[in-house]
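Residues 113 to 389 in the working numbering are what the sequence shown spells out, letter by letter. Here a beta-carbon is modelled for each residue, glycine too, at the ideal position from N, C-alpha and C. See below for the structure under consideration.
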Amino acid sequence: MKNICLLFLPLLLLTKIGHSQGLFKKSVKSAYVLYGRHFITKYSVDSGSTNLAGSKMYIGWQAGFNLDYNFNKNWGLRTGIAAHIHFVAEIFYGVTAVPDSISKLDELQPKNKIPAQALLDPLFIERKSIGIPVKAMYQMNLSKKYDLKFTGGLYLNIYFPSRNENISQLIPLPDSLAPYGYNYTAAFTIHRDFNKSADLSKPFIEWQSDIEVIRKFKRSGAILAGMKIHIGTKKLEKAEFTTWPDFSDSRSKGHYTLNRSYIGVYAGYRFGKNHSK
């Protein structure tokens, strides 16, 4: 509860200041929905010579409400609130080397990497968060119908709980003595330990910028479209991996943290009357 109060404090202060100076009534309000692609996660090797290969790419959906305070014709401040759902779009794991005892097996025919899994399940939610932007805003009037906005600044974000995970990829090895003719060995194991998994995270200071095109209607309302770049935290969890744990000559250990940064496109609607310039 304390973290939620800290998150909303900037918005409450801005709202109070805006109301006392008459800025709140003059603010421009809009709502939007965003589709984003999270940046690829990079792996670091702590020991050994092999590493997980391939990419770990996530997607996200976001819905938000903006309050734009105009100080003059061009400059202003954007705040509001947004909710982001970060979930798995695809996961490809692999290793950069294969043990000799496995690579000689014709049944496997391994290449440069062994794909471990490809999950396309929107129900597999990775992390949920809620945030408040506090960004500088610059607006250009292109014509009677079109405006262009640039924003950039802080984004205060709180992440909701997520469970710890233990992931392993098993590959079949031919074995005539096994019940089904195969035995399994682990290509890798991964343990992800989330930061205070059972509680809300502390507020993280992140960074966000927008470029937005507004198409105004004749009297009131406007549609908007834009692109958002978000630089997020990498401190939410500690993830450790081991490749080929059963093979001492090829075993390697390392770590990574999921990349919470993303780039996305959004569309929305701006409320209120359109004032002529």
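Grab me the residues of residue i's own chain with a C-beta within less than 7 Å of its C-beta, minus the 5 sequence neighbours each way, in chain order.
i      : result
Arg304 : Asn276, Glu277, Glu349, Ala351
Ile237 : Ile197, Phe199
Taking only three categories from DSSP, how would you classify residue i?
i      : result
Lys350 : strand
Ile152 : coil
Asp358 : coil
Lys256 : coil
Ser138 : The amino acid at residue 138 is misidentified as Ser; the sequence shows Lys. Of the three classes helix, strand and coil, the one that applies to Lys138 here is helix, per DSSP.
Ser161 : coil
Asp311 : coil
Ser213 : helix
Lys330 : coil
Arg363 : coil
Arg304 : strand
Thr369 : coil
Gly344 : coil
Lys385 : strand
Lys240 : strand
Thr208 : coil
Once the 5 residues before and after residue i are set aside, which same chain residues still bring their CB inside 8 Å of it?
i      : result
Asn386 : Lys328, Phe329, Lys330, Arg331, Ser332, Gly333, Ala334
Asn186 : Tyr250, Gln251, Met252
For residue i, I'd like the list of residues in its chain whose CB is within less than 6 Å of its CB, leaving aside the five on either flank, ordered along the chain.
i      : result
Ser241 : His196, Asn269, Tyr271
Asn182 : Gly188
If residue i and residue j are in contact, beta carbons under 8 Å, what's the gap, nearest whole angstrom?
i      : j      : result
Val145 : Gly366 : Incorrect: roughly 37 Å between the Cβ atoms, too far for contact.
Asp358 : Thr297 : 5 Å
Met249 : Asp259 : Between Asp259 and Met249 the Cβ distance is about 11 Å, and since that is not below 8 Å, they are no contact.
Gly380 : Ser139 : The Cβ separation is near 15 Å, so there is no contact.
Query raised in the report: Quick one: any contact between the region 137 to 152 and the region 366 to 380, if contact means 3 or more CB pairs under 8 Å?
Result: The way I'd put it, the region 137 to 152 does touch the region 366 to 380; three or more beta-carbon pairs between them come closer than 8 Å.
Report task. Pick out the complete beta strand (DSSP E) segments inside the region 261 to 298, 3 residues or longer, and give them in chain order. Result -> For the region 261 to 298, whole beta strand (DSSP E) runs of length 3 or above, ordered along the chain, are 277 to 286.
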